[in-house]
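The next block holds one structure in the form of structure tokens; read it before the comments.
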Amino acid sequence: MLIRLREYYLITTDKKAEKLYLEGLESLVHYLPDYDAGEKKSYYDALGNIANNHYHEMHVAQLCSLYEYTKNPIFKEYKEKWERE
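Taking the UniProt record's numbering, the leading residue of the sequence shown gets 1, the next gets one more, and so forth.
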């Protein structure tokens, strides 16, 4: 969702979209550690359900994109932590 919001902002220059994107990034940075299940696993949700392989791989791909866009090291850190080679 954040990635699409960023794309929307880049196309439209809608300031509300930019604000939502930046707030979303801030929230993600804050809560990302809570989604680390250890042993190269991530949680699917805040209820403690482990992400299946499909969603876990999606999490890793999204972190890769977010790191490319923002250069925020936390995204690279968790991408590398969760990659399963």
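Ideal placement from N, C-alpha and C gives every residue a C-beta, glycine not left out.
From a predicted model like this one, the values you see are computed outputs, not experimental measurements.
Closest Cα partner of residue i within the set the options
i, options, result
"C64", "E83, L47, H54 and Y21", "E83"
"N72", "T13, V29 and A17", "V29"
Cβ neighbours of residue i in the same chain (closer than 7 Å, five flanking residues each side left out)
i, result
"V60", "K79, W82 and E83"
"L32", "I74 and Y78"
"L25", "L2 and T70"
"K76", "Y67"
Beta-carbon gap between residue i and residue j smaller than 9 Å
i, j, result
"Y21", "L5", "yes"
"A37", "A51", "yes"
"K41", "H54", "no"
Run of the beta strand (DSSP E) containing residue i, from where it starts to where it stops
i, result
"A37", "D36 to G38"
Bounding residues of the alpha helix (DSSP H) (the contiguous stretch that carries residue i)
i, result
"N53", "N53 to T70"
Same chain, Cβ closer than 8 Å to residue i, five either side skipped, listed in chain order
i, result
"D34", "Y43 and A46"
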